[in-house]
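Anchor point for the sequence shown: position 14 equals 14 in full-length UniProt numbering, and the numbering is continuous, going up by one each time.
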Amino acid sequence: MSAQKPRCNRPVPPCNDRKTVDAMYANRTEASAIANSHLLNWLKSYGEHCSIIYNVEFDRIISPTDFLSKLENGLLLVYYAESISPGICPNIDPTDFSTEQCEKRIKAFIAFAKERARLADGCVFNVEDVYDKYEDSYQAVFYTIYKLGVQTSEKFGRHGIDICKMSDDTYQFLQKKAQYASKQEQLKTKSAEGILREGVIQISVIGQTGHELTYYVLATDSITELQERIEIDTALSPANQSLLYNGRRLFDSDRIMDCGISNGDTIELYIRQVGC
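Next up, the structure:
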């Protein structure tokens, strides 16, 4: 991904409807991160005959950068387009990841969006967007897939994105985040007041990049509960987390108190690759 992106040289300005969707998700990073997952899983459902993409498990929370990276090889995009409009990209070789083939698949999807779905130019991303060239590349790609997800059922009689489920999932996540934030404040207050007799301890979680997170937990909390809090802060699902304490892996069912973890201790966080 390029660190510096041009700000004003997009060939075609975004359509008005895209601006509306952009505004919906502006400053709502959690909502867009969950929507990213729903959009990718929806595309994936059209590639059930391709084991390379169908066996992939996506996190519940996916950042804009990861969202684009999942689309770079074009497979998720082209299998959706090919399923709706057979022949739009003949002879797909899912094992060929050359730049030429990846771009061919992406271009086939773009052609489908414009010619079959009849989205206006300003409503469809371009090849460069998938590689995050422009400042608003993520928004452009998100909008195109979102728009197709909403319209697929009506236009083509095939299953579209479940907007209600996506909204419910977002609401539940934000509700859980608020609950965890409230619990953290309560435990932090107790810790500051020295009420450690109630089993409140402060721990640090350090990731592979050296980034450190601080949590206030109860000694009776499970490792699963800690992983759920880490997911909210890192967008890393529990299935992709590997937690180590003094060189020993911590398991989901373990309780903090049973692991020998004490106030002020540090836990290491590693990424465990599950799927893609």
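Think of the CB as a built atom: it goes at the ideal place given N, C-alpha and C, for glycine as much as any other residue. Note that the structure is predicted; figures quoted are calculated from it, not measured.
Residues near residue i in its chain [Cβ-Cβ closer than 8 Å; skip 5 each side]
i    : result
T224 : P238, D252 and S253
V141 : F67, L68, L71, F125, D129 and V130
K177 : E30 and I232
V150 : G160, I161 and I163
I110 : V124, F125, N126 and V127
Residue i burial status per 10 Å Cβ neighbour count (16 or more: buried)
i           : result
S182        : exposed
D59         : buried
Y270        : exposed
D40         : Checking the sequence, you will find Leu at residue 40 rather than Asp. Label assigned to L40: buried.
D168        : exposed
T220        : exposed
V217        : buried
E100        : exposed
residue 280 : This structure gives no information on residue 280, because the portion of the chain shown stretches from 1 to 276.
H49         : exposed
F97         : exposed
K44         : buried
E231        : buried
V200        : buried
Q186        : exposed
S242        : exposed
T144        : buried
D93         : exposed
E37         : It is worth fixing the name first, because residue 37 is Ser in this sequence and not Glu. Label assigned to S37: buried.
A81         : buried
P14         : buried
I261        : buried
Y146        : buried
R10         : buried
Continuous alpha helix (DSSP H) stretch holding residue i: start and end
i   : result
A33 : T29 to K44
A81 : L75 to I84
T20 : N16 to Y25
L68 : P64 to S69
Assumed close pair residue i, residue j - CB separation to whole angstroms, cut-off 8 Å
i    : j    : result
L71  : V21  : L71 to V21, Cβ: 18 Å. No contact.
Y46  : Y79  : 5 Å
A33  : I62  : 6 Å
I163 : R116 : At roughly 22 Å, the Cβ-Cβ gap does not stay under 8 Å, so I163 and R116 are not in contact.
L77  : I106 : 6 Å
S222 : R255 : 6 Å
Neighbourhood of residue i by C-beta distance below 6 Å, restricted to the same chain and skipping five residues each side
i    : result
N91  : none
T152 : R158 and G160
P64  : Y138
Y244 : Rather than Tyr, the amino acid found at residue 244 in this sequence is Leu. Closer than 6 Å at the Cβ level, and outside the excluded window around L244, lie E268.
T170 : A31 and I34
E212 : S204 and I206
K114 : V124
C102 : N73 and G74
A120 : C15
Same chain, Cβ closer than 7 Å to residue i, neighbours up to 5 away in sequence not counted
i    : result
G264 : Q202
M257 : A219 and T220
I52  : L75 and P94
R229 : Y180 and Y215
D233 : L213
A108 : V78, A81, I88 and C89
K188 : Y216
F173 : E30 and I34
Which complete beta strand (DSSP E) runs does the UniProt domain "Ubiquitin-like" (201–276) hold, if anything under 3 residues is left out? 212–218, 241–245 and 266–271
Please give me, in chain order, every unbroken run of the alpha helix (DSSP H) with length at least 4 that falls completely inside the segment 110–149. 127–130
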